[in-house]
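What follows is a short report on a single structure.
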Amino acid sequence: MLNIESKENQPDLETGMAKSFSRRKFLGVMGAGSALVVVAASCKKTHIGNNNGGVDLGSGDIGVLNYAYALEQLEAAFYMQVISTPYSQISDMEKAYLTDIRDHEIAHREFFKAALGSKAIQALEVNFSAIDFTSRTSVLGTAKAFEDLGVSAYNGAGKLLVNPDYLTIAGKIVSVEARHAAWVRDAITPGSFADMSAVNAMGLDMERKPDDVLAIAGAFLKTKINASNLPTS
Amino acid sequence: MNLQNILTEIENTDPEVYDRLDTRRNAMKSFAKTSGKIALAAIPFALGSMFQKAYASPTAPKDLILDTLNFALTLEYLEANFYIKAVASGIIPSGDSLNSLTVIRDHENEHVNFLKTAITAAGGTPVSFTASSFDFTAKGTFPNVFSDYGTLLAVAQTFEDTGVRAYKGQAPNLISNNDYLTAALQIHSVEARHAAHLREMRKMANLLVPSGVDVKPWITLNQSGIGTSAVQASYNGEENVTQAGVLITNIGGQNISAAAASEAFDEPLSKEQVTAIVTPFFA
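Order-wise, the sequence lines are chains L and P.
Anchor point for the first sequence: position 89 equals 302 in the numbering used here, and the numbering is continuous, going up by one each time.
Anchor point for the second sequence: position 38 equals 282 in the numbering used here, and the numbering is continuous, going up by one each time.
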């Protein structure tokens, strides 16, 4: 059993991305091009790292789980926006699947938040200004990038974990991300579910170091992430 | 030499030492039995053998890794041989369908080669199988596996979903070696991509899909989406909605159905479970 924290730290809706999202929507200031606003003041346990002044993911297994939590926050926020403002001529099946994926990413995000408890990093602010949510090409292209990135991130993070139970949890999530990636790829180009841009000549999927993942994900995050305390092997 | 002090010292260092040896009382008994009448000088040896019992894992790390890689290689041989026959069967529609199964076949062959090389490099002996090692009818359960397209896709989907669960279950056995663990994870997610694609192929072809069941790229509850109970063991347990003690359904006040909660996490299978599933496919 994953036992990072006791039950005292159940998900706090006041700091959750979902809340900030709906609040923003409620305020009627949602623009596809602007960043989400979150209540940063509530992150009482977040350390400010001395590396780049960003949100410190922490060290050891906790740091790796926070790294995953950061990525899941990004993905969940993206799909929430996709379903909130569907692109033109979205098919019923695409909408159903993208809704499924949104729910999976929210489940992942909330899981990490609950499991990490007081050790969880704050809700992150995202920046989707580069995404045109009215365009199928832009949305699915971004989804493909996020899912492939997520797969490579989990694949690269497995070895950073010490506790085998956390490794199993990461394994339970990464294969679902790979299923997402395969479907999104096929939706863009039929038959591209595992083409040469995803799988190398040895039949292996990609794996990336946290720094490389965050360099890519960082373009979609307003909040800076400090991964300098993560384990490196 | 004060035996009591030594044991206390060990107990302080490793509070679980007696769990490893059943109980403290049994440990003392077992130690007394073996060392009761031996000379004082021999005690360290007696202690040594007791520690071996307590600390030696049933399989040493290197052997565990090699066993795990060979188990993976066995599954890859099964899949590779299946797709070789599938692609050659002549019943797969040309175009996207045949192209996809060819891509998957090639990946499985690459996995076989990769694992063979890895096992050899690690000083092990790779297991070896040939086409005649397999019975893809699973002892008559799927007599038309290479003559009925729906059956072929159903078996393919089951192999991939099972493979994903198998790698997931074995990953902790590789945690002591970064390179093998990472490679196994890199194979694991490719199998998941295959599984997702095959599930979509089955949905589109609408063959052997039970009425009222929506086959999706992800696994909903314990639904195989296949109109036979013969594959059910590969899906049992996937309905799990509690992860590490955290209930995922409606987590954090979010509207997450049990179906979505089960889809969001794939579940591992043990080596024994996987072996039971694939054994009928070996001749």
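Cβ atoms here follow ideal geometry from the backbone N, Cα and C, with glycine treated the same way.
These figures come from a predicted structure and were not determined experimentally.
Sequence-distant Cβ neighbours of L:Ser446 in its own chain, meaning closer than 8 Å and more than five residues away, are Lys372, Leu373. Rounded to the nearest angstrom, the gap between the Cα atoms of L:Asp305 and P:Leu513 is 34 Å. Annotation for P:Asn494: Ile500 place their beta carbon closer than 6 Å to its own, counting only its chain and skipping 5 residues before and after. Distance from the CA atom of L:Asp424 to the CA atom of L:Ser351, rounded to whole angstroms, is 25 Å. Per the Cβ contact rule, the region 474–486 of chain P is not in contact with the region 332–339 of chain L (fewer than 3 Cβ pairs under 8 Å). A Cβ-Cβ distance of about 6 Å is found for the pair L:Ile438 and L:Ala283, placing them in contact under the 8 Å criterion. By the Cβ test, the region 409–418 of chain L is in contact with the region 430–439 of chain P, since at least three Cβ pairs between them sit closer than 8 Å. From the listed residues L:Thr347, L:Glu307, L:Gly416, the smallest Cα separation to P:Ile348 is found for L:Gly416. Annotated three-state conformation of L:Ile344 is coil, per DSSP. Rounded to the nearest whole angstrom, the CA to CA distance from P:Ala503 to P:Gly469 is 14 Å.
In the structure shown, L:Val426 falls within a helical segment according to DSSP collapsed to helix, strand and coil. P:Thr318: member of the alpha helix (DSSP H) spanning 305–332, first to last residue. When Cβ-Cβ separations below 7 Å define contact, P:Lys306 makes no contact with chain L. The shortest C-alpha to C-alpha distance from L:Ser297 to any of L:Ala281, L:Asp316, L:Glu285 is the one to L:Asp316.
In terms of beta-carbon proximity, P:Leu425 lines the interface with chain L, with at least one pair separated by less than 7 Å. Proximity of P:Lys412 to chain L, defined by a Cβ-Cβ separation below 7 Å, is satisfied. Taking a beta-carbon distance threshold of 7 Å, P:Gly481 does not count as an interface residue toward chain L.
Here the C-alpha atom of P:Ala316 lies approximately 26 Å from the C-alpha atom of P:Ala488.
For P:Lys447, the enclosing alpha helix (DSSP H) covers residues 422–449.
Rounded to the nearest angstrom, the gap between the Cα atoms of P:Leu442 and P:Thr464 is 15 Å. Under the 8 Å Cβ criterion, the region 342–356 of chain P counts as touching the region 317–329 of chain P, having at least three qualifying pairs.
Contacts with chain L (Cβ-Cβ distance below 7 Å) from the region 469–499 of chain P involve Gln487, Ala488, Gly489, Val490, Ile492, Ile495, Gly496, Gly497, Gln498, listed in chain order. For L:Gly267, the closest Cβ of chain P is not nearer than 7 Å. The beta-bridge partner set that DSSP reports for P:Leu491 consists of P:Thr486. The criterion of a C-beta distance shorter than 7 Å is not satisfied by L:Ala366 and L:Val277.
Our two residues, P:Phe390 and P:Asn343, have alpha carbons roughly 17 Å apart in a direct line. In the DSSP assignment, P:Leu396 falls within the unbroken alpha helix (DSSP H) covering 393–414. For the pair of segments examined, the region 338–345 of chain L was found not to touch the region 358–365 of chain L: the number of CB pairs separated by less than 8 Å stays below three. Between L:Arg421 and L:Gly384, the gap from beta carbon to beta carbon reaches 7 Å or more. A straight line joining the alpha-carbon of L:Ile314 with that of L:Asp399 spans about 15 Å.
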